[in-house]
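In our numbering, the protein residues as written are 1 to 254. Using N, Cα and C, we set each Cβ at its ideal position, and we do this for glycine too. Data block below; observations after.
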Amino acid sequence: MYANELEGKTTMKSASHTRRSFLRMTAGTGAALLGGSVTKALASGAINPGASSVLLVIDVQNCFLPKGTLPVEHGDEVVPVINALSKKFENVVLTQDWHTPGHTSFASSHEGKNPFETIELDYGTQVLWPDHCVQGTDDANLAPGLDIPHAQLIIRKGYHSEVDSYSTFLAADKETKTGLTGYLKERGLDDIYVCGLATDFCVAWSALDARAGGMKVSVIEDACRGIDLNGSLDAAWSAMTDAGIARLQSGDFA
Ligand code: VGL
Ligand code: ZN
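Have a look at this one:
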């Protein structure tokens, strides 16, 4: 596994190959931790989002906050950062992880399996999670502190019981779509800024899919927090950097 990963990092340059390396990395247990090259952001205060820019706020829901069912460490800290950031965007889209009860990504749906173990499903390796973000529960609600009244769309994902969807564009089977690509195209939004939870899962997979779809993509690091399972946070940043995704800070905005 490590040799494959290393080869993936050094010889494969295309977004799809990089992505595959990242998928292997995040899927397996005991994956090696690779040092990511860090692309520093543009000069501080230089960015001014325009009419074709959109802020994607990924999964800032109770389930991923400290009291939730799948808490992301310091996940609550992104809320004020995202609230302030969102004021700089005319266009904002929010997403919600929105699972059926008994969803296939839950460890409790698989006999003898524990959270954070993996399982092989039709579409590949699936990390198993605690039950989280079940449709209609308070756990699945957007964080109450989120204050983005001008958000234009809430897109839900992960509602097909037999397939997970970290990405807000494409489910893990690589076939099932959310419709967000079509929405962004129809509205002429092709300059994508991604923030939210968790950096190394739903944020990264969404950013990589947007990039693979030909959009300009940036991730705002201090407006995200990660889960970091078996080195997945470094792997995610490496994959995103290799795919040509900019790594920004909220202070880089005007
Ligand atoms: C997420 C794990 C499972 C996320 C969602 O929002 O990053 N992670 N479901
Ligand atoms: Zn989920």
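Out of the options, which one is the CA nearest neighbour of residue i?
{"i": "S109", "options": "Q61, H132, Q96, D97", "result": "H132"}
{"i": "D191", "options": "K157, V219, H74", "result": "V219"}
{"i": "D147", "options": "L94, Q249, E73", "result": "L94"}
{"i": "G182", "options": "H150, M215, C195", "result": "M215"}
{"i": "N230", "options": "C63, E117, A84", "result": "E117"}
{"i": "E310", "options": "S53, C63, E73", "result": "Limits of the chain in this structure are 1 at one end and 254 at the other, which puts residue 310 out of reach."}
{"i": "P149", "options": "L70, S86, R187", "result": "S86"}
{"i": "D228", "options": "A51, G136, L70", "result": "L70"}
{"i": "A262", "options": "L55, A207, E221", "result": "Because the chain in this structure spans residues 1 to 254, residue 262 falls outside the shown range and cannot be described."}
Just the Cα atoms here: how many angstroms apart are residue i and residue j?
{"i": "A107", "j": "P101", "result": "12 Å"}
{"i": "A223", "j": "P80", "result": "9 Å"}
{"i": "E185", "j": "V57", "result": "The question names Glu, yet the displayed sequence has Lys at residue 185. Approximately 18 Å, taken between the alpha carbons."}
{"i": "P49", "j": "D138", "result": "33 Å"}
{"i": "D234", "j": "A140", "result": "27 Å"}
{"i": "E162", "j": "K174", "result": "13 Å"}
{"i": "T241", "j": "R211", "result": "11 Å"}
{"i": "H17", "j": "A243", "result": "With a pLDDT of 46 at H17, under the threshold of 50, the modelled position of this residue cannot be trusted; read the value that follows with caution. Their Cα atoms are separated by approximately 9 Å."}
{"i": "V134", "j": "Y123", "result": "22 Å"}
{"i": "S238", "j": "L153", "result": "30 Å"}
{"i": "G251", "j": "G45", "result": "6 Å"}
{"i": "L263", "j": "T125", "result": "Residue 263 is absent from the model: the chain starts at 1 and stops at 254."}
{"i": "G68", "j": "G213", "result": "32 Å"}
{"i": "A84", "j": "E111", "result": "44 Å"}
{"i": "T39", "j": "V194", "result": "Caution applies to T39, whose pLDDT of 45 falls short of 50 and renders its modelled position unreliable; the value that the coordinates give is listed next. Each residue's Cα considered, the two are about 16 Å apart."}
{"i": "C63", "j": "L121", "result": "24 Å"}
{"i": "R187", "j": "Q96", "result": "21 Å"}
{"i": "A207", "j": "A51", "result": "20 Å"}
Bridge partners for residue i per DSSP, in chain order?
{"i": "A51", "result": "In the DSSP output, where bridge partners are listed per residue, A51 has none listed."}
{"i": "L229", "result": "Note: L229 sits in no beta bridge, so no partner."}
{"i": "S218", "result": "Y193, A246"}
{"i": "H99", "result": "V134"}
{"i": "L153", "result": "V93"}
{"i": "I119", "result": "Q126"}
{"i": "F253", "result": "I47"}
{"i": "L142", "result": "Q61"}
{"i": "F106", "result": "W129"}
{"i": "L184", "result": "The partner list for L184 (beta bridge, DSSP) is empty, contrary to what the question assumes."}
In its own chain, which residues sit with a C-beta less than 8 Å from the C-beta of residue i, not counting the 5 before and 5 after it?
{"i": "L170", "result": "T176, K177, T178, D209"}
{"i": "K113", "result": "A107, I119, L128"}
{"i": "P115", "result": "A107, L128, W129, P130"}
{"i": "D164", "result": "H103, T104, S105, Q126, G158, A171, A172"}
{"i": "E221", "result": "T199, R247, L248, Q249"}
Short of 6 Å in beta carbon distance, which residues of its chain neighbour residue i, apart from the five on each side in sequence? Order them along the chain.
{"i": "Y166", "result": "F201, C202, W205"}
{"i": "F253", "result": "I47, K88"}
{"i": "A246", "result": "S218"}
{"i": "L180", "result": "I155, T168, F169"}
{"i": "Y159", "result": "W98"}
{"i": "V92", "result": "L55, S86, I148, A151"}
{"i": "G136", "result": "none"}
Short of 7 Å in beta carbon distance, which residues of its chain neighbour residue i, apart from the five on each side in sequence? Order them along the chain.
{"i": "A3", "result": "Because the pLDDT at A3 is just 31, under 50, the model does not fix this residue reliably, and the point stays unresolved."}
{"i": "T199", "result": "C224, R225, G226, L233, A236"}
{"i": "P66", "result": "G75, D76"}
{"i": "V60", "result": "V78, V79, I82, L142, A143, L146, G196, L197"}
{"i": "E73", "result": "R225"}
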